[in-house]
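Q:
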Ligand code: NAP
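In the numbering used here, the protein residues as written are 16 to 308.
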């Protein structure tokens, strides 16, 4: 039996059980995927210690971590993978050779899906977004932005972060020690019409890492009113519920390529599943398990 699960709060709407149960079933592996909600106001460390004890003694074989614990689990772990250390956040935990390891599959999950989407655009319209990688604009500077900015920087993109609190973006850059390939600092602008208009014409990729547009506030968009979209660009919205956000609708109307966060969600889960089971994850089956949402 393979026992997997997720810690975070709230967890009622998490799609992770669907993804992992579909994968276990497809590979005919006996197992389960449990929800371990820990309210932020919980008293003391006991719920964490109990779960990590189970990982160490084999009662649990793998854990995902989501909001608000991606950073606070770190002191409980023996070791971080280089990517988890660089980003300062853990979304996947496993016990390997007597070591409790914290990993981050959001980074390679985002990179792999972005590559797939860019390749499909290249196949449809060869050369349209060239040169790639070039300039990317990341909207928001929270937890998901850390993974996205790190992934883009590593792949050679020149990143600018647009945040309503630019000091949050500055802190992100400083804490991750990010200096880009040209020895320049990553750019930071305000998330407002004037600042976005100042940078948008140079941009080939826009990634929304804010929750704006997510159900139930489906009419909200992070793209400031009156801001011009670039002429040629891919808009990658990390939000996946609803599948077509207000940002995606307006970008499509401007003739741009778009994709939502479902591909990243599936890929980060597939990579976690592979860390835990050592078997190739059935990505298509996992995708099918959540695409109805
Ligand atoms: P987070 O840590 O709370 O960060 C959210 C960021 O958005 C912060 O910079 C926040 O700024 C900004 N923001 C929030 N409301 C805003 C507003 N009204 N105007 C401008 N900026 C605003 O959240 P997160 O963990 O990064 O998650 C963000 C989104 O990404 C969520 O929708 C989540 O579901 C999605 N996500 C998707 C995947 C995937 O696999 N597809 C993975 C991770 C996350 P303040 O700090 O000033 O509020």
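In this text, a Cβ means the ideal position worked out from N, Cα and C, and glycines have one as well.
Give the single residue among 205, 255, 300 whose Cα lies nearest to the Cα of residue 242.
A: Residue 205 is the option with its Cα nearest to residue 242.
Q: Our contact map puts residue 80 next to residue 23 with C-beta atoms below 8 Å; I'd like the distance itself, whole angstroms only.
A: Sure, about 7 Å apart at Cβ, within 8 Å.
Q: So does residue 107 have its beta carbon nearer than 7 Å to some heavy atom of the ligand NAP?
A: Result no, Cβ not under 7 Å from the ligand NAP.
Q: Sorted by chain position, which residues of the same chain lie with C-beta nearer than 6 Å to residue 109's C-beta, five sequence neighbours on each side aside?
A: Only 77, 116, 290, 291 meet the Cβ criterion.
Q: With distances taken from CA atoms, which of 146, 162, 181, 65 is nearest residue 85?
A: Of the candidates 146, 162, 181, 65, the one whose C-alpha sits nearest the C-alpha of residue 85 is 162.
Q: What first and last residue would you give for the alpha helix (DSSP H) that runs through residue 181?
A: Segment 181-190, the alpha helix (DSSP H) holding residue 181.
Q: Can at least three beta-carbon pairs, one atom from the stretch 136-148 and one from the stretch 238-253, be found at a separation below 8 Å?
A: The stretch 136-148, when compared against the stretch 238-253, does touch it at the 8 Å Cβ threshold.
Q: Given the structure, does residue 120 come close to the ligand NAP, in the sense that its CB is under 7 Å from one of the ligand's heavy atoms?
A: Residue 120: no, Cβ never under 7 Å from the ligand NAP.
Q: With a 10 Å radius around its C-beta and 16 neighbouring C-beta atoms as the bar for buried, classify residue 44 as buried or exposed.
A: When all chains shown are included, residue 44 counts as exposed.
Q: Taking one C-beta from the stretch 259-266 and one from the stretch 118-126 each time, how about it: are there three or more such pairs within less than 8 Å?
A: Output reads no: the stretch 118-126 does not touch the stretch 259-266.
Q: Give the secondary structure of residue 69 by DSSP, where H, G and I count as helix, E and B as strand, and everything else as coil.
A: Residue state, collapsed to three classes: helix.
Q: Can you say whether residue 194 is buried or exposed, counting buried as having 16 or more other CB atoms within 10 angstroms of its CB?
A: Exposed, by the Cβ-count rule.
Q: For a quick check, are the C-beta atoms of residue 155 and residue 54 less than 8 Å apart?
A: No, Cβ-Cβ distance for residue 155 and residue 54 is not below 8 Å.
Q: Does DSSP put residue 200 in a helix, a strand or coil?
A: Of the three classes helix, strand and coil, the one that applies to residue 200 here is strand, per DSSP.
Q: Please determine, among 102, 97, 182, 283, the residue with the shortest C-alpha to C-alpha distance to residue 160.
A: With distances taken between Cα atoms, residue 160 lies closest to 102.
Q: Under 7 Å: does the beta carbon of residue 95 sit that close to some heavy atom of the ligand NAP?
A: It does not: the Cβ of residue 95 is nowhere closer than 7 Å to a heavy atom of the ligand NAP.
Q: Give the DSSP-derived three-state secondary structure of residue 232 in the structure shown.
A: Of the three classes helix, strand and coil, the one that applies to residue 232 here is coil, per DSSP.
Q: In the DSSP assignment, find the unbroken alpha helix (DSSP H) run with residue 121 in it and report its ends.
A: First-last of the alpha helix (DSSP H) with residue 121: 121-139.
Q: Does DSSP put residue 292 in a helix, a strand or coil?
A: Correct three-state label for residue 292: helix.
Q: Looking only at C-alpha atoms, which of 65, 41, 32, 63 sits nearest to residue 49?
A: Among 65, 41, 32, 63, the Cα nearest to that of residue 49 belongs to 32.
Q: Does the Cβ of residue 280 lie closer than 7 Å to at least one heavy atom of the ligand NAP?
A: Yes.
Q: Report yes or no: do three or more beta-carbon pairs, one from the stretch 26-41 and one from the stretch 56-69, lie closer than 8 Å?
A: Counting Cβ pairs under 8 Å, fewer than three are found: no touch.
Q: Within 10 angstroms of its Cβ, does residue 279 collect 16 or more other Cβ (buried), or is it exposed?
A: Under this definition residue 279 is a buried residue.
Q: Are the beta-carbon atoms of residue 257 and residue 230 separated by less than 8 Å?
A: Cβ atoms of residue 257 and residue 230: closer than 8 Å.
Q: Would the beta-carbon of residue 84 be found less than 7 Å away from any heavy atom of the ligand NAP?
A: No - the ligand NAP has no heavy atom lying nearer than 7 Å to the Cβ of residue 84.
Q: Could you tell me whether any non-hydrogen atom of the ligand PLP is closer than 7 Å to the CB of residue 150?
A: This structure lacks the ligand PLP; its bound ligands are the ligand NAP.
Q: For residue 151, which residues from the same chain have a beta carbon less than 6 Å from its beta carbon, with the 5 sequence-adjacent residues on both sides left out?
A: Closer than 6 Å at Cβ, skipping near neighbours: 167, 172, 174, 220.
Q: Please classify residue 16 as buried or exposed, where buried requires at least 16 neighbouring CB atoms within 10 angstroms.
A: Classification of residue 16: exposed, given that the 10 Å Cβ count is below 16.
Q: Output needed for residue 91: all residues of its chain with C-beta closer than 7 Å, excluding positions within five of it in sequence on either side, in chain order.
A: Only 63, 67 meet the Cβ criterion.
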